[in-house]
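S.K.: This is the structure, below, for whatever I ask next.
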């Protein structure tokens, strides 16, 4: 029932594989991540991206590390694996699912005081597999819940890639579209290309095409004009971190879309599993926003599009305040904001 | 005093030259346009772009056509040149300066009933040169007038390229920056890269660098987040056509910027010469918006960034309603909207 529809990452006989998303849509290149450094790099360089997928691959990375080590001493083992957990935490700062998954792995290490190193290894593998399976199930349920919002004939705008490739294989925003399509609803998706890394143009189009859902690719700066012409009925995106009050970090450009949607009276929904909600922080001001290398803007697929030394501002995410969000599509149902009020 | 600071196009001994802007910023490739078909193609394929520059090159194109023909019969000459004028009108539909310039050339043909073909040719060349020189002067005065709005230390956002390259050599929005800089004001420009054709990333950065004006390049979808953080004090763009009520066609993305600026309480000014104002039409609904080939979105510098067959929506312009515009910077001063009310 909850089988992933896209194999974004998978664990097989103690080995960890991903699709290297940098080569999509031209090439479905499968890569084995052989050690913790491979896992760190694959997250940092965007071979694997999308908050839930980052959480899953990070957890499996720790499982991999655990299986690979020959350390027999329990304390030493815990020390080494804890170091790896802290190392993976430095790969990307914004996606909360990374920290959510790693804190579960950390908890396994801490709570099982009376078991052997071999048992600990098996527990860590099982925890990673649980995180992965729960993500698939959550995403499926997000689709089921979100589809209740979708009416036949709707034109829906999405930003970046909140699809199977951004999760363990079902997607968040795209899961809603997949389920709506299965239910026989005719929908049409406008896909923001999503500069600078073009996850919309490269990945979301690829997934929608596979799923047989009609779509139209646009540049990010066209969304407002489309809304003005009545071309958009709803906006659904994913999220990288959601604060307790509902303020949401998501791919750069989401905030602009949210303002535009508000101005045009269009509902914006955020689709995300519980692992994206960071209840430890009060609001969006506390969410760290990653700034990435300027060459992501100056170059597209390696080709220079500006002066080679052009000064660049390149925040990977922005923060959308909860007042611009209509609601949150989660595995437990549609939450109308705020998520949890006050402290 | 009004010497162009960038040689975008020039007429020399009866020959017409342009910088082929498709190769900027890597290469300053100079091309001679040898006949009316060359002129048509250079406009259509964006070798030369920007509403005022299109007007100038179109006028020179007609002068070129006139000089090249051996026709001695006056009626036949007028017929052939009129055909060329109508042909050039089909190159791009939105920029009003094209029609403004060509209607002046048409008027020369129509009004000089008692002069010879040779004299007509000289009159057409002179009219093209007048259009060119007036554009330089207008752009310079736009700079002088616009600079009165600029305060020391301002961060100003611009979209697309409304610079020397978009005009006979001085610019509209960028003229304001050039003059403010000359006046010793410290300014910093945020440059929208301006997908799909990247005129901001390729051309505006190149001009600002030449002028020694500090700038930062951003993706179009970052502007809203910058505004939210208080990073933008003012927005100035050019225009491709302005209706009688002030509704303005400009590069796709301008409308989104205008909504975002309004939401954040930031003033948006449009900088444009009188040749961009189309007083024959009441409002923006009557402005034709050019849709261009989907490959402009699917490919960047020839390199595919999406599925090869991705359906695309690619409007080259959008319409910003006058209620989102603070004012118009023209050669005659700052006009507060509406330009001309009623009919």
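Residue numbers (our numbering), protein chains in the order written: chain A, 335 to 677; chain B, 335 to 677.
We put the CB at the ideal spot given by N, CA and C, even for glycine.
Keep in mind it's a predicted model, so treat the numbers as computed, not measured.
The alpha helix (DSSP H) spanning residue 431 (chain A) covers which residue range?
M.R.: Walking along the first chain from the start, residue 431 (chain A) turns up at place 97. Element bounds for residue 431 (chain A): 430 to 445.
S.K.: Hey, could you find the ends of the beta strand (DSSP E) residue 485 (chain A) is sitting in?
M.R.: Residue mapping note: residue 485 (chain A) aligns to position 151 of the first chain, counting from 1. Segment: none, residue 485 (chain A) is in no beta strand (DSSP E) and carries neither H nor E.
S.K.: Ordered along the chain, which non-local residues of its own chain (more than five positions away) have a Cβ less than 7 Å from that of residue 557 (chain A)?
M.R.: Taking the first residue of the first chain as position 1, residue 557 (chain A) is located at position 223. Correct list, in chain order: 491, 526, 591, 594.
S.K.: With 9 Å set as the bound, which would you pick, yes or no: does the beta-carbon of residue 468 (chain A) sit closer than that to a beta-carbon of chain B?
M.R.: For this step, residue 468 (chain A) is matched to residue 134 along the first chain. No, no contact with chain B.
S.K.: Less than 9 Å between the beta carbons of residue 443 (chain B) and residue 432 (chain B), yes or no?
M.R.: For the purposes of this step, residue 443 (chain B) is taken as the residue at position 109 of the second chain. For the purposes of this step, residue 432 (chain B) is taken as the residue at position 98 of the second chain. No, the Cβ-Cβ distance between residue 443 (chain B) and residue 432 (chain B) is not below 9 Å.
S.K.: Since residue 492 (chain A) is in the beta strand (DSSP E), which residue starts that stretch and which ends it?
M.R.: Walking along the first chain from the start, residue 492 (chain A) turns up at place 158. Taken as a continuous stretch (DSSP letters only), the beta strand (DSSP E) holding residue 492 (chain A) covers 489 to 492.
S.K.: From this set, A:507, A:342, A:439, A:441, which residue's C-alpha is nearest residue 478 (chain A)'s C-alpha?
M.R.: Within the first chain, residue 478 (chain A) is the residue found at index 144, counting from 1. Closest option to residue 478 (chain A), Cα to Cα, is A:507.
S.K.: Between the alpha carbons of residue 571 (chain B) and residue 493 (chain B), how many angstroms are there, rounded?
M.R.: Numbered from 1 along the second chain, position 237 holds the residue referred to as residue 571 (chain B). Numbered from 1 along the second chain, position 159 holds the residue referred to as residue 493 (chain B). Answer to the nearest angstrom: the Cα atoms are 6 Å apart.
S.K.: For residue 616 (chain A), name the three-state secondary structure that DSSP assigns.
M.R.: Mapped onto the first chain, residue 616 (chain A) falls at position 282. Residue state, collapsed to three classes: coil.
S.K.: Applying the criterion that 16 or more other CB atoms from any shown protein chain within 10 Å of the CB defines a buried residue, is residue 406 (chain B) buried or exposed?
M.R.: As a position in the second chain, residue 406 (chain B) is number 72, starting the count at 1. The residue is exposed, with fewer than 16 neighbouring Cβ atoms inside 10 Å.
S.K.: By Cβ distance, which residues of its chain are closer than 8 Å to residue 676 (chain B), with the 5 residues on each side in sequence left out?
M.R.: Residue 676 (chain B) sits at position 342 when you count from the first residue of the second chain. Because the pLDDT at residue 676 (chain B) is just 46, under 50, the model does not fix this residue reliably, and the value given afterwards should be weighed accordingly. Excluding residues within five positions, none has a Cβ falling inside 8 Å.
S.K.: Report, in whole angstroms, the separation of the C-beta atoms of residue 390 (chain B) and residue 607 (chain B), which I expect to be a contact under 8 Å.
M.R.: For the purposes of this step, residue 390 (chain B) is identified with residue 56 of the second chain, where counting begins at 1. For the purposes of this step, residue 607 (chain B) is identified with residue 273 of the second chain, where counting begins at 1. Residue 390 (chain B) to residue 607 (chain B), Cβ: 11 Å. No contact.
S.K.: Hey, could you find the ends of the alpha helix (DSSP H) residue 575 (chain A) is sitting in?
M.R.: Against the first chain, residue 575 (chain A) aligns to sequence position 241. Taken as a continuous stretch (DSSP letters only), residue 575 (chain A) belongs to no alpha helix (DSSP H), being part of the beta strand (DSSP E) at 575 to 577.
S.K.: So, using beta-carbon positions, are residue 488 (chain B) and residue 372 (chain B) closer together than 9 Å?
M.R.: Indexing the second chain from 1 puts residue 488 (chain B) at position 154. Indexing the second chain from 1 puts residue 372 (chain B) at position 38. No; because the gap between Cβ atoms is not below 9 Å, this pair is not in contact.
S.K.: Quick check on residue 676 (chain A): does DSSP put it in helix, strand or coil?
M.R.: Position 342 of the first chain holds residue 676 (chain A). Caution is warranted here: a pLDDT of 46 is assigned to residue 676 (chain A), below 50, making its placement in the model unreliable, and no coordinate value can be reported.
S.K.: Return the chain-ordered list of same chain residues with a C-beta closer than 6 Å to the C-beta of residue 440 (chain A), the five sequence neighbours on each side being excluded.
M.R.: For the purposes of this step, residue 440 (chain A) is taken as residue 106 along the first chain, with counting starting at 1. Closer than 6 Å at the Cβ level, and outside the excluded window around residue 440 (chain A), lie 419.
S.K.: Going by C-alpha to C-alpha distance, which of A:401, A:470, A:612 sits closest to residue 456 (chain A)?
M.R.: As a first step, residue 456 (chain A) is located in the first chain; it is residue number 122 there, counting from the start. Of the candidates A:401, A:470, A:612, the one whose C-alpha sits nearest the C-alpha of residue 456 (chain A) is A:401.
S.K.: Helix, strand or coil: which one does DSSP assign to residue 352 (chain B)?
M.R.: For the purposes of this step, residue 352 (chain B) is taken as the residue at position 18 of the second chain. Residue 352 (chain B) falls in the strand class under three-state DSSP.
S.K.: Using the Cβ count rule (16 or more neighbours within 10 Å means buried), how would you classify residue 413 (chain B)?
M.R.: Residue mapping note: residue 413 (chain B) aligns to position 79 of the second chain, counting from 1. When all chains shown are included, residue 413 (chain B) counts as exposed.
S.K.: Note down, in chain order, each residue of its chain lying with its Cβ closer than 8 Å to the Cβ of residue 587 (chain B), except the 5 sequence neighbours on either side.
M.R.: Start at 1 with the first residue of the second chain, and residue 587 (chain B) comes out as number 253. Answer for residue 587 (chain B): 493, 494, 526, 528, 529, 554, 652, listed in chain order.
S.K.: Can you list, in chain order, the residues of its chain whose CB lies under 8 Å from that of residue 376 (chain A), leaving out five sequence neighbours each side?
M.R.: Residue mapping note: residue 376 (chain A) aligns to position 42 of the first chain, counting from 1. Excluding sequence neighbours, residue 376 (chain A) sits near 352, 354, 365, 367, 382, 391.
S.K.: Determine the chain A residues that contact residue 540 (chain B) at a beta-carbon separation under 7 Å, and present them in chain order.
M.R.: Your numbering for residue 540 (chain B) matches position 206 in the second chain. Ordered by position in chain A, the residues that pass the 7 Å Cβ test against residue 540 (chain B) are 641.
S.K.: Rounded to whole angstroms, what is the Cα-Cα separation between residue 549 (chain A) and residue 619 (chain B)?
M.R.: The sequence position of residue 549 (chain A) within the first chain is 215, counting from 1. The sequence position of residue 619 (chain B) within the second chain is 285, counting from 1. Those two C-alpha atoms are separated by around 27 Å.
S.K.: I want to see whether chain B comes within less than 9 Å of residue 354 (chain A), judged by CB atoms only; does it?
M.R.: Here the question's residue 354 (chain A) lines up with position 20 in the first chain. Residue 354 (chain A) does not count as touching chain B.
S.K.: How about residue 572 (chain A): is its C-beta nearer than 9 Å to some C-beta of chain B?
M.R.: As a working note, residue 572 (chain A) is residue 238 in the first chain. With 9 Å as the cut-off, residue 572 (chain A) does not count as an interface residue toward chain B.
S.K.: At least one CB of chain A closer than 9 Å to the CB of residue 593 (chain B): is that the case?
M.R.: On the second chain, residue 593 (chain B) is found 259 positions in, with the first residue counted as 1. Output row for residue 593 (chain B): interface = yes.
S.K.: State the Cα-Cα distance for the pair residue 615 (chain B) and residue 470 (chain B), rounded to the nearest angstrom.
M.R.: The sequence position of residue 615 (chain B) within the second chain is 281, counting from 1. The sequence position of residue 470 (chain B) within the second chain is 136, counting from 1. Each residue's alpha carbon lies about 26 Å from the other.
S.K.: How is the beta strand (DSSP E) around residue 584 (chain B) delimited, first residue to last?
M.R.: For this step, residue 584 (chain B) is matched to residue 250 along the second chain. First-last of the beta strand (DSSP E) with residue 584 (chain B): 582 to 585.
S.K.: For residue 641 (chain B), does the count of other Cβ atoms within 10 angstroms reach 16, so buried, or fall short, so exposed?
M.R.: Taking the first residue of the second chain as 1, we reach residue 641 (chain B) at position 307. Residue 641 (chain B) comes out buried.
S.K.: Taking only the alpha-carbon atoms, compute the straight-line gap between residue 451 (chain A) and residue 521 (chain A) and give it to the nearest angstrom.
M.R.: Here residue 451 (chain A) corresponds to residue number 117 of the first chain, with the count starting at 1. Here residue 521 (chain A) corresponds to residue number 187 of the first chain, with the count starting at 1. Their Cα atoms are separated by approximately 52 Å.
S.K.: List, in order along the chain, the chain B residues whose C-beta lies closer than 7 Å to that of residue 361 (chain A)?
M.R.: Position 27 of the first chain, counted from the start, is the residue given in the question as residue 361 (chain A). Ordered by position in chain B, no residue passes the 7 Å Cβ test against residue 361 (chain A), which lies about 12 Å from the chain.
S.K.: Taking only the alpha-carbon atoms, compute the straight-line gap between residue 534 (chain A) and residue 499 (chain A) and give it to the nearest angstrom.
M.R.: For the purposes of this step, residue 534 (chain A) is identified with residue 200 of the first chain, where counting begins at 1. For the purposes of this step, residue 499 (chain A) is identified with residue 165 of the first chain, where counting begins at 1. Rounded to whole angstroms, residue 534 (chain A) to residue 499 (chain A) spans 11 Å at the Cα level.
S.K.: With a threshold of 9 Å between beta-carbons, can residue 556 (chain B) be considered close to chain A, or not?
M.R.: As a first step, residue 556 (chain B) is located in the second chain; it is residue number 222 there, counting from the start. Yes, because at least one Cβ of chain A sits closer than 9 Å to the Cβ of residue 556 (chain B).
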